[in-house]
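**Student:** Residue numbers (the working numbering): 122 to 312. For every residue, glycine included, the Cβ atom is placed at its ideal position computed from N, Cα and C.
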Amino acid sequence: MITNNMPLAVVFVVVFVALLGLLVLIVTLLAVRIGAVLAVLKAKFLAGGTQEVWPFYAKKPLSKPEQVLYFRLAQALPEHIVLAQVQLSRLLEVKKGNNYQAWFNRINRMSADFVVCNKDFSIVAVIELDDATHQKEDRQMADAKKDKSLTSAGVHIVHWQAKSIPDIATIQSTVMPGITVKRDPPQAARP
Numbered sequence: 122m123i124t125n126n127m128p129l130a131v132v133f134v135v136v137f138v139a140l141l142g143l144l145v146l147i148v149t150l151l152a153v154r155i156g157a158v159l160a161v162l163k164a165k166f167l168a169g170g171t172q173e174v175w176p177f178y179a180k181k182p183l184s185k186p187e188q189v190l191y192f193r194l195a196q197a198l199p200e201h202i203v204l205a206q207v208q209l210s211r212l213l214e215v216k217k218g219n220n221y222q223a224w225f226n227r228i229n230r231m232s233a234d235f236v237v238c239n240k241d242f243s244i245v246a247v248i249e250l251d252d253a254t255h256q257k258e259d260r261q262m263a264d265a266k267k268d269k270s271l272t273s274a275g276v277h278i279v280h281w282q283a284k285s286i287p288d289i290a291t292i293q294s295t296v297m298p299g300i301t302v303k304r305d306p307p308q309a310a311r312p
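#1: In the structure shown, what three-state DSSP assignment does Q188 receive?
#2: Label L144 either buried or exposed according to how many other C-beta atoms from any shown protein chain fall within 10 Å of its C-beta, with 16 as the threshold for buried.
#3: Runs of 3 residues minimum, wholly inside the stretch 253 to 307: which ones carry the beta strand (DSSP E) assignment?
#4: With a CB to CB cut of under 7 Å and the five nearest residues on each side skipped, what residues in its chain are close to A197?
#5: Let's test the definition: count the other Cβ atoms within 10 Å of the Cβ of F137 and tell me whether it reaches 16, buried, or not, exposed.
#6: What residue does the beta strand (DSSP E) around L204 start on, and which one ends it?
#7: P128 to V134, Cα distance in whole Å?
#8: Nearest-angstrom Cα distance between N220 and R227?
#9: At what residues does the alpha helix (DSSP H) containing A179 begin and finish?
#10: V276: which of M297, S285, V161, A263 sits nearest, CA to CA?
#11: Could you check how far apart the C-beta atoms of F235 and L194 are, in whole angstroms? I think they sit under 8 Å.
#12: With 16 as the cutoff for other CB atoms within 10 Å, does W281 come out buried or exposed?
Structure representation (structure tokens):
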């Protein structure tokens with residue numbers, strides 16, 4: 122407690138310490154309050170907001186021609202796994218000793234239409250189904266970059282046109298050139 126006998130400097134120090142303590146208490150209470158507000162805002166943001174309706178709807182991941190090719194691939198290659206719309210970053214890795222980020226950025230956001238895999242998920246081939254948009258110059262440059270990245274990794278790439286999707290025998294002979302296609306023996310002509 123402050124008395125009349127205390128020197129002025131001591132009174133000043135006592136008042137200063139009391140004010141400093143009060144300031145620390147106020148800052149601490151504000152920090153706790155701000156932290157609580159930020160936690161609520163973060164929760165609302167991560168949950169998408171409680172009142173906000175997001176404008177998404179579900180769509181088919183494959184176009185009509187891609188659906189046709191998918192089922193033909195599955196039928197032609199029953200001993201294999203067929204994956205659709207796979208990011209190249211899931212298929213390729215940058216070799217050690219290279220600038221990972223720079224090389225990764227070259228393939229980032231690119232995808233393969235179809236990936237044919239063995240049962241152990243090793244890659245047999247990548248199938249690209251090219252529609253009319255692949256005739257544009259920018260698309261051709263992107264396709265060339267995609268092809269170069271895959272061939273540099275030793276991945277077999279096949280391009281087919283969407284307007285002429287191959288039959289099962291063509292798929293088998295192109296994707297798996299070493300397999301023999303089972304066909305019915307030719308029927309003898311009747312007299």
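**Tutor:** So, to answer that:
#1: helix
#2: exposed
#3: 278 to 282
#4: I289, I292, Q293
#5: exposed
#6: 202 to 208
#7: 10 Å
#8: 11 Å
#9: Taken as a continuous stretch (DSSP letters only), A179 belongs to no alpha helix (DSSP H), as it is neither H nor E.
#10: M297
#11: 6 Å
#12: buried
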